[in-house]
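What follows is a short report on a single structure.
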Amino acid sequence: MWELIEANRRKSLILFFTLGLILLLLGYFLGSAYYPDGGGFIGIFFAFVIWGILSLISYFSGSKILLAVSGAKEVTKEVHPQIFNIVEEMKISASLPSMPKIYIINEAAPNAFATGVKPENSAVAVTAGLLARLNRDELQGVVAHEVSHIVNRDVLFMTFAGIMLGSIVLISEVFLRSLWFGGGRYSSKSSKSSGQGQMIVMIVAIVFAILAPIIAQLLYFAISRKREYLADASAVRYTRYPEGLASALEKIANSTEELKTANKVTAPMYIANPLKQKGQKLTDITSTHPPISERIRILREMSGGANYVNYQNAFNKIKRSNSQIIPSSGLADQTSIGLKEASVIPYSLGLNKQMKRDTGDIMMKVNQYSFIQCSCGLKIKIPPDYKKSELFCPRCGRKHSIRN
Amino acid sequence: MTLIIVLVVIAVVIMFVVSMYNSLVQLRNRVKNAWSQIDVQLKRRHDLIPNLLETVKGYMKHEREIMENITKYRSQAMDAGTVGEKAQAESLLSGALGQLRVQVENYPDLKANQNFLALQEELTSTENKISYARQSYNDQVLFYNNKIQMFPSNIIAGMFKFTEEEFFEVENETERAVPKVAF
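Sequence lines, in order, name chains F and D.
Per our numbering, the very first residue in the first sequence carries number 1; after that it's consecutive.
Per our numbering, the very first residue in the second sequence carries number 405; after that it's consecutive.
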């Protein structure tokens with residue numbers, strides 16, 4: 001297990017340095033474009049100051065910001081005992097050092113993400129729609145996928161590479177816009193010094209400012225997609241039940257609701273891309289996630305075991321390629337891990353109406369509503385600021401006393 | 405000169421023995437730690453069973469035998485001494501609980517009981533935790549036993565009386581006896 005994380009870390013470092021190099025070159029060229037004499041190094045300095053500040057912010061409060069932006073609320077076990085149990089099961093299966101915190105997002109669209117740059121200090125966030133719609137095995141698959149991101153240090157990587165990418169985009173954007181508005185200043189300056197040389201530097205800088213964000217994004221997305229596959233493979237290893245994750249992904253893909261609290265920055269964190277793009281091609285290189293239908297087919301192709309080798313085989317079969325998606329150290333472990341059978345927890349919510357009501361109930365529990373089940377069948381929801389000690393059922397008029 | 409060489413050789417040998425001894429201790433502790441993970445969950449299951457039987461009793465009139473078996477295997481499992489005995493008693497208990505689950509199908513009132521549903525969720529989760537913890541325990545035992553058997557660590561293990569640990573194995577027969585039900 002540890003070798004796998006190591007292999008992952010090495011690859012991330014390579015990507016990280018490539019992004020750093022792009023940032024460095026960008027700083028140099030843009031600096032030179034402004035001040036031909038030694039401006040390049042000032043540019044590099046500024047580029048890394050911006051990156052450093054953003055990194056410090058995200059390291060110390062990235063999780064908090066992400067959770068707050070997504071509208072996630074931390075919950076206790078009473079709100080939803082099942083999700084707590086499932087997270088604890090995955091904690092044991094993945095040998096996490098401590099229990100991740102659990103957050104619920106008040107949204108009907110089914111989705112989930114994990115945060116935490118350190119496994120000791122991680123959190124799993126799921127939407128209320130996910131809890132209402134998935135059965136136990138499916139929920140376990142999703143949680144396992146998220147826990148894999150924590151174990152494989154994907155959160156750490158995504159945060160820092162994401163910040164690097166963000167800095168590159170930011171600096172290029174500012175530079176290109178400043179040209180638009182303040183172009184005159186440079187032309188007057190360039191006439192003084194060697195005009196032609198300055199012109200060339202300027203053109204190189206502009207071309208680089210346009211290309212750098214695109215290259216950096218493609219690099220970032222490619223690695224991000226690879227990590228999604230790896231997290232799927234780890235999820236199967238932890239749950240030993242590929243069908244759970246497969247059918248969860250199917251339900252997530254088939255949902256029509258849009259996740260309103262997700263945006264371009266937070267999108268790569270989710271289990272499935274929350275920003276639905278219409279008419280997206282199957283092998284789109286500008287996507288942060290692999291096509292969901294392909295992930296499902298790979299999972300369903302798995303047979304004979306739940307180890308990484310089994311996932312790699314299924315991957316090759318579906319993709320008809322020999323590319324290696326799992327680091328070699330993961331494939332070296334040839335022990336066969338038997339698949340589990342479907343769990344016997346009855347949790348079927350057939351009707352759409354019931355599903356919506358369940359989502360609402362979960363959210364009300366998050367917001368500290370209490371519930372009274374009247375014997376006429378009506379479920380009365382009591383807001384936390386309701387002061388009286390008794391109330392009458394609005395349907396049948398029975399009196400209920402409220403315990404606090 | 406020879407004295408120095410002899411001293412150096414002795415020092416190297418001692419360092420070698422110490423580091424090997426320490427790594428064996430570390431592995432043994434990991435096995436113990438993994439075992440305590442299972443133990444916590446097994447105890448949790450034992451604690452849940454009386455509650456479950458109490459809830460079920462009012463509804464299930466015809467399943468006396470299953471319930472008696474559950475009580476019997478539970479006390480067997482609680483008294484079991486070795487890992488092997490415990491594994492066997494626990495898998496019998498799992499089998500009996502599985503039978504109970506099948507019978508629940510015939511009692512729609514019971515299936516609607518909130519208390520029962522909550523207990524069943526806890527029980528299922530506990531059983532999942534046992535099976536995941538068992539996997540990591542067996543991984544650790546395999547690692548430790550390999551170390552004890554292989555040269556040169558087997559010499560140190562023999563000298564300091566490190567003994568092989570038992571796997572926590574559930575017999576396949578009994579595991580298969582748990583029927584698969586889709587609700």
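We put the CB at the ideal spot given by N, CA and C, even for glycine.
Original post:
In the stretch 429–458 of chain D, which residues sit with their C-beta less than 7 angstroms from some C-beta in chain F, listed in chain order?
Top reply: Those would be Gln441, in chain order.
Subject >> Own chain residues within Cβ distance below 7 angstroms of Arg318(F), not counting five before or after >> reply: The residue asked about is misnamed: residue 318(F) is Ile in this sequence, not Arg. So the list reads Glu294, Arg297, Ile298, Glu301, once near-sequence residues are dropped.
Original post:
Who are the near neighbours of Glu570(D) in its chain, counting only those whose CB is closer than 6 angstroms to its CB and skipping five residues on each side?
Top reply: Within the same chain, Val487, Gly488 come within 6 angstroms of Glu570(D) by CB-CB distance, once the 5 residues on both sides are set aside.
**OP:** Indicate the three-state DSSP secondary structure (helix, strand or coil) for Gln368(F) in the structure shown.
**Re:** Secondary structure of Gln368(F) (DSSP, three-state): coil.
**OP:** Under 6 angstroms Cβ to Cβ from Lys490(D), same chain only, skipping five residues before and after it: list those, please.
**Re:** Leaving aside the five residues that flank Lys490(D) on each side, the residues in its chain whose CB is nearer than 6 angstroms to its CB run, in chain order, Ala484.
Original post:
Residues in the stretch 527–550 of chain D with C-beta within 8 angstroms of chain F's C-beta atoms, listed in sequence order?
Top reply: Taking 8 angstroms as the Cβ-Cβ cut-off against chain F, the residues of the stretch 527–550 of chain D that qualify are Thr528, Ser529, Asn532, Lys533, Ser535, Tyr536, Ala537, Gln539, Ser540.
Original post:
Using the beta-carbon of each residue, which ones in chain D are nearer than 7 angstroms to Leu82(F)?
Top reply: Note that residue 82(F) corresponds to Gln in the displayed sequence, not to Leu. Within chain D, the residues placing a beta-carbon under 7 angstroms from that of Gln82(F) are Glu525, ordered along the chain.
Subject >> Identity of the residue in Glu107(F), Lys77(F), Met90(F) nearest Ala522(D) by Cα >> reply: Of the candidates Glu107(F), Lys77(F), Met90(F), the one whose C-alpha sits nearest the C-alpha of Ala522(D) is Lys77(F).
Original post:
How would you write the range of the beta strand (DSSP E) that Leu391(F) sits in, first residue to last?
Top reply: Run containing Leu391(F): 390–392, per the beta strand (DSSP E) assignment.
Subject >> For Ser401(F), the residue or residues it bridges with in DSSP >> reply: Bridge partners of Ser401(F): Glu390(F).
Original post:
Whose C-beta lies closer than 7 angstroms to the C-beta of Phe208(F) among residues of the same chain, with five residues either side of it excluded?
Top reply: Non-local beta-carbon contacts of Phe208(F) in its own chain, meaning distances under 7 angstroms to residues more than five positions away in sequence, involve Leu25, Leu26, Phe29 in chain order.
Original post:
At least one CB of chain D closer than 7 angstroms to the CB of Ser93(F): is that the case?
Top reply: Judged by the 7 angstroms Cβ criterion, Ser93(F) is in contact with chain D.
Original post:
Name the chain F residues whose beta carbon is nearer than 8 angstroms to that of Ala522(D)?
Top reply: Result: Pro81.
Subject >> Validate contact between the stretch 126–143 of chain F and the stretch 241–250 of chain F using beta carbons, cut 8 angstroms, 3 pairs >> reply: Between the stretch 126–143 of chain F and the stretch 241–250 of chain F, the count of C-beta pairs closer than 8 angstroms reaches three or more; the two stretches touch.
**OP:** Assess, as a yes-or-no matter, whether the stretch 66–76 of chain F is touched by the stretch 96–105 of chain F under the definition of 3 or more beta carbon pairs within less than 8 angstroms.
**Re:** Taking one beta carbon from each stretch, the stretch 96–105 of chain F and the stretch 66–76 of chain F have 3 or more pairs nearer than 8 angstroms; the two touch.
**OP:** Express the C-alpha separation of Tyr220(F) and Ile14(F) in angstroms, rounding to a whole number.
**Re:** Rounded to the nearest angstrom, the two C-alpha atoms are 12 angstroms apart.
Original post:
Smallest Cα separation from Glu257(F): which of Ala128(F), Gly52(F), Ile86(F), Ser12(F)?
Top reply: Ranking Ala128(F), Gly52(F), Ile86(F), Ser12(F) by Cα distance to Glu257(F) puts Ala128(F) first.
Original post:
If you drop the 5 nearest sequence neighbours on each side, which residues of the same chain put their C-beta closer than 7 angstroms to that of Val421(D)?
Top reply: For Val421(D), where only same-chain residues beyond five positions count, the Cβ hits under 7 angstroms are Ile560.
**OP:** Look up Lys476(D) in the DSSP assignment and say whether it is helix, strand or coil.
**Re:** Here Lys476(D) sits in helix by DSSP.
Subject >> As assigned by DSSP and simplified to three states, the class of Val410(D) >> reply: Correct three-state label for Val410(D): helix.
**OP:** Can you pull the chain C residues whose beta carbon is under 9 angstroms from the beta carbon of Glu301(F), in chain order?
**Re:** In the displayed structure, chain C is absent; the protein chains listed are F and D.
Original post:
Can you list, in chain order, the residues of its chain whose CB lies under 8 angstroms from that of Thr18(F), leaving out five sequence neighbours each side?
Top reply: Leu219.
Original post:
In terms of DSSP beta bridges, what is Gln373(F) paired with?
Top reply: Looking at the DSSP output, Gln373(F) shares a beta bridge with Lys379(F).
**OP:** Could you tell me how far apart the beta carbons of Asn316(F) and Arg153(F) are, in whole angstroms, since I believe they sit closer than 8 angstroms?
**Re:** In fact, because the Cβ distance is near 25 angstroms, the residues do not count as touching under 8 angstroms.
**OP:** Report back the beta-carbon spacing between Ser321(F) and Ser540(D) to the nearest angstrom; my notes put them in contact at under 8 angstroms.
**Re:** With 8 angstroms as the limit, Ser321(F) and Ser540(D) do not qualify as a contact, their Cβ atoms being about 33 angstroms apart.
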